[in-house]
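Everything on this sheet refers to the single structure shown next.
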Amino acid sequence: MRTKTHNLAEFQKTAQEFALGLAPLPDRATVVGLYGDLGAGKTTFVQAVAKAFGVVEVVNSPTFLIFKKYQLSHGLSTSLEVRSEDLELRKTLSVLSSKSEKCTASVKKEIERGCSFSTLVHVDAYRLKNSDELRNLRFSELLTDPKNLILVEWADKVADLLPKDHTQLHFEFVDDTTRTISFS
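Just remember that the working numbering sits 38 ahead of the position in the sequence shown, which is counted from 1.
In structure tokens, the structure reads:
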């Protein structure tokens, strides 16, 4: 899927709608790789996703920290408009998870009430020379927790550490206000 946004409000709404569709995986963290040039919108996207999950603190790229964790005390923010089709998606996810033997009871319960993740992990791999630097920070431990939502800026720099089937978002700078986002 590919979408084009023409201003910041559209871009943020796209990020929040993306957040609304996220659900935990039964056996590991949910990982989203963010790809694109400098200034393409990766950090702004993370900020909007964090806001959708109710994060109130300022979300900046953790370039010198490598990653930062944000505790999510509840599900998606009530400030995000919930459309009827989004509620249908949650119901569908709930039904699918109930049929999965791998899906734990706690994950099923979280999906049903729309509170999927307990921690948002924001990774910025921009200044890393290689993936060993992230590996040395025990990144693999973060990957094992299904309650983690991990958003990785500059994911191409640490691709060998990410699950092969992670969600990929490719950001393209069109002009000062326009961005294209490709989801795969």
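Every residue, glycine too, gets a C-beta built ideally from N, C-alpha and C. Bear in mind the structure is a predicted one, so any value in this text is a computation, not a measurement.
Cβ-Cβ distance between S222 and E210 below 9 Å: Looking up residue 222 in the sequence shown gives position 184. Looking up residue 210 in the sequence shown gives position 172. No; because the gap between Cβ atoms is not below 9 Å, this pair is not in contact.
Whole-number beta carbon distance between R217 and A81, since they are thought to touch under 8 Å: Counting from 1 along the sequence shown, the entry for residue 81 is found at position 43. Counting from 1 along the sequence shown, the entry for residue 217 is found at position 179. For the record, residue 81 in the displayed sequence is Thr; it is not Ala. Not confirmed; about 12 Å, so no contact.
Classification of L76 by the beta-carbon crowding that lies within 10 angstroms, buried from 16 upward: In the sequence shown, counting from the first residue as 1, residue 76 sits at position 38. Flag for L76 reads exposed.
Helix, strand or coil at I219 according to DSSP, with G and I counted as helix: Here residue 219 refers to the residue found at position 181 when the sequence shown is read from its first residue. In the structure shown, I219 sits in a strand (DSSP, three-state: E or B).
C-alpha gap between Y108 and V93, whole angstroms: If you number the sequence shown from 1, residue 108 lands on position 70. If you number the sequence shown from 1, residue 93 lands on position 55. Y108 and V93: Cα-Cα distance of roughly 7 Å.
First and last residue of the uninterrupted beta strand (DSSP E) at T68: Translated into the one-based positions of the sequence shown, residue 68 becomes position 30. Here the beta strand (DSSP E) through T68 covers T68 to G74.
Buried versus exposed, by CB contacts within 10 Å (16 or more), L46: Here the question's residue 46 lines up with position 8 in the sequence shown. Classification for L46: exposed.
Three-way DSSP call (helix, strand, coil) for T182 in this model: For the purposes of this step, residue 182 is taken as residue 144 along the sequence shown, with counting starting at 1. Of the three classes helix, strand and coil, the one that applies to T182 here is coil, per DSSP.
Contact set for L63: own chain, Cβ-Cβ below 7 Å, skip 5 residues either direction: Taking the sequence shown and counting its residues from 1, the one referred to as residue 63 is at position 25. P184, listed in sequence order.
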